[in-house]
Structure formats: C-alpha cells, structure tokens
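Top line first, the protein sequences correspond to chains A and B.
According to this note's numbering, the first sequence holds residues 50 to 412 in order.
According to this note's numbering, the second sequence holds residues 50 to 412 in order.
Cβ coordinates follow ideal geometry from the N, Cα and C atoms, glycine included.
One structure below.
There are 2 protein chains.
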Amino acid sequence: MEERVYNFSAGPSVLPLEVLEQAQKDLVCYPGAGCSVMEMSHRTKSFENIIFPARDTLRRIMNIPDDYEVLFLQGGASMQFAQFPMNLAHQGDTLDYAVTGQFAGNAFKEGKHWGKAVCVASSEYKVFSYIPRITEDMLDSDARFLHITGNNTIFGTAYHELPQTGSVPLVADWSSGILGMNIDVSKHALIYAGVQKNMGPAGMAVVIVKKDAILEDIDDVVPTMLRYKTMIDKDSMFNTPPCWTIYMCGLVFDWVERNGGVAAMEKRNREKSAVLYDLIDSSEIFNNPVVKKDRSIMNVTFTLPTDEDTKAFLAMATGRGLINVKGHRLVGGCRASIYNGMPMAGVEKLAECMRDFEKGMRE
Amino acid sequence: MEERVYNFSAGPSVLPLEVLEQAQKDLVCYPGAGCSVMEMSHRTKSFENIIFPARDTLRRIMNIPDDYEVLFLQGGASMQFAQFPMNLAHQGDTLDYAVTGQFAGNAFKEGKHWGKAVCVASSEYKVFSYIPRITEDMLDSDARFLHITGNNTIFGTAYHELPQTGSVPLVADWSSGILGMNIDVSKHALIYAGVQKNMGPAGMAVVIVKKDAILEDIDDVVPTMLRYKTMIDKDSMFNTPPCWTIYMCGLVFDWVERNGGVAAMEKRNREKSAVLYDLIDSSEIFNNPVVKKDRSIMNVTFTLPTDEDTKAFLAMATGRGLINVKGHRLVGGCRASIYNGMPMAGVEKLAECMRDFEKGMRE
Chain A
50 MEERVYNFSA GPSVLPLEVL EQAQKDLVCY PGAGCSVMEM SHRTKSFENI IFPARDTLRR
110 IMNIPDDYEV LFLQGGASMQ FAQFPMNLAH QGDTLDYAVT GQFAGNAFKE GKHWGKAVCV
170 ASSEYKVFSY IPRITEDMLD SDARFLHITG NNTIFGTAYH ELPQTGSVPL VADWSSGILG
230 MNIDVSKHAL IYAGVQKNMG PAGMAVVIVK KDAILEDIDD VVPTMLRYKT MIDKDSMFNT
290 PPCWTIYMCG LVFDWVERNG GVAAMEKRNR EKSAVLYDLI DSSEIFNNPV VKKDRSIMNV
350 TFTLPTDEDT KAFLAMATGR GLINVKGHRL VGGCRASIYN GMPMAGVEKL AECMRDFEKG
410 MRE
Chain B
50 MEERVYNFSA GPSVLPLEVL EQAQKDLVCY PGAGCSVMEM SHRTKSFENI IFPARDTLRR
110 IMNIPDDYEV LFLQGGASMQ FAQFPMNLAH QGDTLDYAVT GQFAGNAFKE GKHWGKAVCV
170 ASSEYKVFSY IPRITEDMLD SDARFLHITG NNTIFGTAYH ELPQTGSVPL VADWSSGILG
230 MNIDVSKHAL IYAGVQKNMG PAGMAVVIVK KDAILEDIDD VVPTMLRYKT MIDKDSMFNT
290 PPCWTIYMCG LVFDWVERNG GVAAMEKRNR EKSAVLYDLI DSSEIFNNPV VKKDRSIMNV
350 TFTLPTDEDT KAFLAMATGR GLINVKGHRL VGGCRASIYN GMPMAGVEKL AECMRDFEKG
410 MRE
C-alpha cells in the first residue's frame with residue numbers, strides 16, 4: 050500500500066483509518082449478505098441492520114431527545130438551505146439569519162427565495178473574525194426561526210454559547226462541528242449537517258428535527274422529496290437512500306462511541322487545536338485574527354506575513370506529507386481542519402513544520 | 050472471503066465484480082493521492098482526475114451530442130420528478146405525462162405540485178402490461194414536455210421505440226435502461242437516471258439535458274440547488290458532490306467501454322432476457338403477462354399459479370444463492386433484474402432453478 054498523508058482538508062476530510070480498513074475488508078462481500086453494501090437492496094433485512102443501528106448510535110452519542118426525528122437526506126447542507134425554510138415556514142414568512150461567514154451568507158441568500166429573510170446580525174465588517182452576541186430583542190417577533198452556522202470552516206469561528214432566542218426556534222448548520230464538540234440538541238428546533246466533515250464520505254446530510262417544529266400545512270409547491278414528513282414516514286427510505294454513505298457513517302458513529310463519545314472527541318479536539326493556537330499566539334510570523342473566545346476547535350486558520358511566505362510554507366508542508374493546509378480560495382492564507390479523524394500525531398507534525406519554517410525565516 | 054450470491058435486485062443491484070475489486074484495492078489509499086477517495090477534497094486535481102474522465106467516458110459510451118450537458122446530482126430519480134419541471138416549465142404550465150407504471154405515476158403526481166399535469170396515455174387498466182403508442186396529436190399543443198418512463202422495473206416493460214412528440218420536448222426517466230440498452234440521446238430534451246441500477250451505488254442521478262431546453266427565466270421560488278444552471282456553471286460541483294459515488298460510476302463507465310460499449314451490453318442483455326423469456330413462454334407454470342414487443346430486457350417479471358408456489362419457488366432460489374427474485378411489494382410474483390453486472394452464468398443458474406422447480410411440480 051502507498052503511504053497515507055496527513056490530510057487537513059475542510060471537507061471531504063480525513064476519516065479514521067480503522068474505519069476505512071473495515072470498509073475495505075467487507076467491500077466485495079458484506080458478512081452474511083453475499084454482496085457488497087453497494088449492491089444491497091434497501092428493502093432487505095441486511096440493510097435495515099445497517100441503517101437502523103446507525104441512526105440509534107447517533108441518537109445515543111448526541112443524546113438526541115425522543116421528540117426529535119433523525120433523517121439521512123441527500124443534497125448536503127446546501128440543499129438544506131432551501132429545505133428547512135420550506136418545512137418550517139410558509140412562503141413570504143419572516144426568517145431571521147445571523148451571517149457569520151460564507152455558508153451562513155449562502156443560507157441567508159437562499160432564504161430569500163422562500164420568505165422575507167432578515168439578517169439580524171453580521172460580523173462581515175470585521176471579516177467574520179468573531180461571533181456576534183445575539184439576544185431575543187434583536188429578533189423579529191414573528192420570525193419563523195433564527196438560523197445560525199454553528200462552526201464557520203472558512204474563518205475558523207464557532208458558537209461556544211448558543212444565542213438567546215426566546216420563543217423564536219433556533220435552526221443551526223452544524224456541518225463542521227457535529228460529533229466534534231458537544232451540542233445541546235434540546236436547545237434547537239432543527240440541526241442539520243453535511244456528513245463529509247466529521248461523519249463520513251460526501252453525499253448526505255443528517256437532519257435532526259423536533260417533530261412539532263414542522264409545519265402541518267406545508268405549502269403545496271414544496272416537492273415531495275423536500276418534505277421532512279415524507280422521509281419521517283418512511284425512515285429516510287421514501288426512495289433509494291445513499292446506502293454506502295449511511296453504512297460508512299454508521300462505522301464512524303460506532304468508532305466515536307467506542308472512543309469515548311462526543312465528550313472525548315471534544316476534549317481531543319480542544320487539545321489538538323490548543324497545540325496550534327498556542328504556537329500561533331507565541332509566533333512572530335503566524336497570526337490568527339479570530340477573537341479568542343470564538344475560535345473554532347475544528348478549523349484553525351492562520352496567516353503569514355506575505356503571500357510569498359504562505360506559498361513557501363504550503364510547499365514545505367506538502368513536502369512533508371501535510372496536505373490541503375491551504376486556506377479557502379475566498380480568503381487565502383492557511384487552514385488546518387482537524388476533525389475527529391485527524392490524530393494528534395498529524396497536528397504535532399504540522400506544528401513541527403510551522404516551527405521549522407519560522408526558524409528558517411529567522412536564520 | 051465469503052461466497053458471493055447472484056443478486057437479482059431491481060436496484061441497488063449487482064455491480065461488476067472486477068469494479069468492486071478495484072475499488073477495494075484502492076479504498077484506503079488512492080494511487081497518488083495519499084488518502085481515500087472518500088477523504089479527497091473535491092477542489093483538488095486528484096478529484097478532477099476522477100470526475101472529468103467519468104463524465105467524458107459517459108459522453109463517449111452514450112454518444113451524447115455536444116449541445117447536451119451531463120450532470121451528477123444528488124437525490125436520485127425521485128428528486129428529478131420535481132426538479133425537471135421546475136427547470137423546463139413555469140408554475141402552472143401544461144405538462145404531459147404517459148403513465149406506464151408506479152414510477153411514471155409518481156412523476157405525474159409530482160408534476161401536479163408544479164404545473165397543470167395531464168396524463169395523455171396510461172396502461173393502468175391493463176395492469177401496465179404494455180406500452181401505449183403515443184403520437185403527436187395526443188399531446189397538448191402548449192405542453193412544456195411529454196414525460197415517459199423508458200423502462201418500467203416493476204412491470205417489466207420498456208419503450209423499444211420512442212413516442213412521436215413533434216414539437217413537444219421529450220423527457221425520459223431511463224433509470225433502469227441506461228447503459229443497458231441503446232438510447233438515442235438526440236431524440237430527448239432531457240434524460241435522467243438514478244445510478245443505482247446500471248451505473249453504480251445509490252445516491253446520485255445522472256441528468257443529460259439539452260442546453261437550450263432549460264428555461265432562461267426560471268421562477269424565483271426554485272431553490273438554487275435545484276436549478277440545472279447552478280450545477281452546469283460549476284461542473285456538478287456547486288457544493289460538495291457525492292465523490293465516492295462518482296468515482297464508482299466512473300469505474301463502471303470504464304468497464305462498459307472496455308467490454309464493447311452500450312451496444313455490446315444491449316446484445317448481452319437481450320441474450321440473457323431471451324433465456325428467461327423462452328423458458329417462461331414454453332413453461333406450463335411460469336407466466337409473463339407483458340405484450341411481447343414491449344418486454345423489458347432489464348427486468349423479467351413472471352408469476353406462478355399460486356402464492357404458495359411463488360413462496361416455494363423463491364425459497365428454492367434463495368437456497369441456491371439466487372437472491373432478491375421476489376417481485377415488487379406492489380405486484381407480488383417474481384422478478385429477475387438482469388442489469389449489466391449480472392453475468393449469463395447467473396441467469397443460467399436461475400433458469401436451471403426454474404426448470405427444476407417446474408419438473409418438481411409435475412412429479
């Protein structure tokens with residue numbers, strides 16, 4: 050086998066090696082099924098024994114209350130930008146958004162296709178370097194929800210405390226935080242997350258929705274496939290689900306549970322991010338512009354003095370098998386995404402590379 | 050490794066063994082990438098070297114004209130039921146449908162959420178046992194399209210000749226026919242297909258759309274993610290695509306090309322289906338109710354005299370490692386789905402089982 054690198058991609062991103070090895074072993078012939086999971090009819094006991102335990106494990110590790118449904122849906126978080134408003138609001142209703150980055154902005158823009166979308170808070174004027182404090186009085190009293198992006202991958206920020214929304218339901222995109230940090234599901238009306246960061250391979254979103262948050266009298270124009278009720282009634286199998294993706298996510302959920310659950314993941318991610326933030330804060334060339342209390346523990350962003358320095362550093366990192374450290378094409382700089390699948394050894398190798406680069410610059 | 054069975058599932062369904070073995074070999078570490086395809090950022094050269102050749106190979110093997118776009122989209126064919134009307138028609142427009150089975154009916158019902166959906170032909174009163182002949186004069190002159198389901202998996206029928214639609218654009222769901230039989234793309238405004246039958250693992254649809262068939266002034270309520278233009282402009286990568294599914298489909302496309310292309314696939318599927326239809330037609334206990342000229346070469350349906358006989362036959366088949374021969378839950382009976390991945394050896398084993406069962410009944 051070729052050598053594996055340390056992959057700091059923001060998503061799709063690194064998966065636990067033992068999960069990949071398990072999937073490889075069973076790929077051609079899943080035990081007891083006589084075929085690959087990729088060939089398995091979703092209407093069989095074999096597949097029910099994959100999808101239902103996966104859902105149950107996710108319920109356990111996220112401590113999801115009984116009055117919430119868990120759905121496995123296609124289209125990723127970007128599809129949810131359109132889908133959750135259709136299920137929680139009528140066309141033309143008031144929808145509140147906090148804009149804390151690129152994807153939060155995309156969700157806000159998508160809301161305008163459905164309702165009267167209002168931006169109630171934004172950190173754009175400070176280049177999204179902090180999380181605005183949101184209180185109930187800032188929200189529209191008739192808003193169907195307040196939408197936030199829990200962890201902002203591009204700018205490296207996160208809500209470490211949820212907004213106070215009073216009677217306005219809270220909807221959150223937790224794509225890059227889910228399973229990597231503790232999230233109190235009961236404080237949300239709806240959580241969604243693309244799976245390709247902390248949960249599995251790309252091609253699915255997990256939606257966790259409080260049953261009574263969904264409109265009873267949904268607008269007629271909403272496609273059957275975009276109605277949560279369609280999928281709730283059919284256990285996410287109204288049509289053929291992305292079976293292999295669900296299987297892989299199930300393996301990851303098991304791995305999280307086996308390794309101490311989400312609390313243990315958060316502890317590890319805090320330790321990993323601290324290694325990098327401590328280095329950056331004591332460095333003379335690396336800089337992180339984020340307000341300290343709002344720093345993400347999943348995506349550590351940092352800059353160097355010049356674009357030339359950035360290029361040289363990225364080349365050095367790649368040469369050492371540390372890939373995808375380049376910042377998002379919209380902001381430049383560097384970014385290390387250190388989701389659950391990234392071991393401390395990878396972070397330490399990156400830190401070593403950063404120290405060596407700084408030393409080299411001083412010489 | 051455990052023994053593989055012959056899997057006659059209608060979808061997800063059997064994949065070529067050598068494709069599975071290739072995927073298994075490279076699962077943990079894709080050559081040259083240092084990581085799994087499941088961990089690969091879609092914004093890398095490594096992934097571009099997967100998605101673009103996959104698309105190009107599909108263009109070659111289906112002989113897709115240059116004025117058509119090829120898209121890889123999430124949500125399967127069921128999502129397309131809502132998506133193609135939104136891209137080809139304004140809300141309230143007239144939409145024509147031919148109803149030749151369950152999924153054709155689902156597409157028709159979904160059309161009602163968007164426009165004035167009209168059923169211009171149906172074979173329901175004869176339990177969908179034939180394909181109605183459709184001519185231009187049967188269509189609404191202001192219809193935005195006529196929608197057909199090219200191959201009907203549940204009832205085992207197929208259009209071996211396309212309807213005459215004159216100036217009305219033809220839209221077809223070819224989920225269970227694509228790559229298994231010759232399809233003249235140039236006669237369609239749009240073709241879509243869930244990939245989980247003849248192309249790869251579940252979790253994606255391929256959409257082949259004539260560029261000038263798409264509305265310029267699409268209705269504002271249509272979500273960004275459901276606009277074909279969004280995905281055309283970004284080479285199917287507006288958001289994170291289902292990377293692994295695309296990779297697997299690419300391996301299957303290569304396999305089809307290596308094995309003589311779609312013409313060779315159709316020849317093999319005709320031979321395979323002939324083995325079963327010939328047996329059924331000369332049998333005293335097996336029956337296929339479909340009008341001969343409309344028989345599918347992908348899904349061979351058959352019944353036995355009683356439910357008890359059906360149960361006994363299915364048990365015998367399963368015992369011989371021939372699985373998922375049970376008919377769709379809506380119609381009962383038996384069904385052998387013999388897509389490209391099913392070798393003649395599997396079909397012959399099924400035929401042998403059928404002959405043995407009939408012999409046993411006579412004794």
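Taking 8 Å as the cut-off, the beta carbon of S127/B is found no closer than this to the beta carbon of N155/A.
For A251/A, there is no enclosing beta strand (DSSP E), as DSSP gives it neither H nor E. With its beta carbon at least 8 Å from every one in chain B, L399/A lies outside the interface. R53/B and L399/B have their C-alpha atoms spaced approximately 15 Å apart. Looking at the DSSP output, L144/A shares a beta bridge with A166/A. Boundaries of the alpha helix (DSSP H) harbouring I100/B: 94-111, taken from the DSSP string. Pairing A170/B with A147/B gives a Cβ-Cβ distance under 8 Å. Between R317/B and the set E97/B, P392/B, P61/B, R182/B, the nearest pair of CA atoms involves P392/B. Note on the stretch 226-307 of chain A: whole alpha helix (DSSP H) runs with a minimum of 4 residues are 277-282, 292-307, in chain order. Within the same chain, Cβ atoms closer than 7 Å to the Cβ of T214/A are found at E185, L188, L195, the five residues on either side in sequence being excluded. At least one CB of chain B lies nearer than 8 Å to the CB of Q245/A.
The DSSP-derived three-state label of T202/A is coil. A residue is called buried when at least 16 other Cβ atoms come within 10 angstroms of its Cβ; V340/A does not meet this threshold and is exposed.
Annotation for Y117/A: the continuous beta strand (DSSP E) segment containing it runs 117-122.
Exclusion of the five residues before and after I100/A leaves I295 as the residues of its chain whose Cβ lies within less than 6 Å of its Cβ. For G390/B, the closest of L363/B, I346/B, V301/B, V255/B by C-alpha to C-alpha distance is V301/B. Against chain B, the beta carbon of E52/A has neighbours under 9 Å at C78, G83, listed in chain order.
Not a single C-beta of chain A is nearer than 8 Å to the C-beta of C168/B. Here R384/A is buried. Its C-beta has 16 or more other C-beta atoms within 10 Å. Assignment of C383/A by DSSP, reduced to helix, strand and coil, places it in the strand class. Residues of the stretch 58-69 of chain A with a C-beta less than 9 Å from any C-beta of chain B: S58, A59, G60, P61, S62, V63, L64, L66, L69, listed in chain order. Linking F130/A to F157/A through their CA atoms gives a straight-line distance of about 8 Å. For A221/A, the beta-bridge partners assigned by DSSP are I197/A, I240/A.
The three-state secondary structure of N336/B, taken from DSSP, is strand. A residue is called buried when at least 16 other Cβ atoms come within 10 angstroms of its Cβ; G309/A does not meet this threshold and is exposed.
Annotation: Cβ neighbours of H162/A in chain B (cutoff 9 Å, chain order): D269, V270, V271, P272, T273.
Considering only C78/B, S322/B, I203/B, the residue with the shortest C-alpha distance to E173/B is I203/B. When the alpha-carbon of A207/A is set against those of S216/A, G226/A, V217/A, the nearest one is in G226/A. In the same chain as E315/B, and ignoring 5 residues on each side of it, the C-beta atoms closer than 8 Å to its own belong to G229, M230, N231, I346, in chain order. Within the DSSP bridge table, the entry for A207/A names N200/A as partners. Under a 10 Å Cβ-count criterion, R109/A is classified as exposed, with fewer than 16 other Cβ atoms of the shown protein chains found around its own Cβ. Secondary structure of V86/A (DSSP, three-state): helix.
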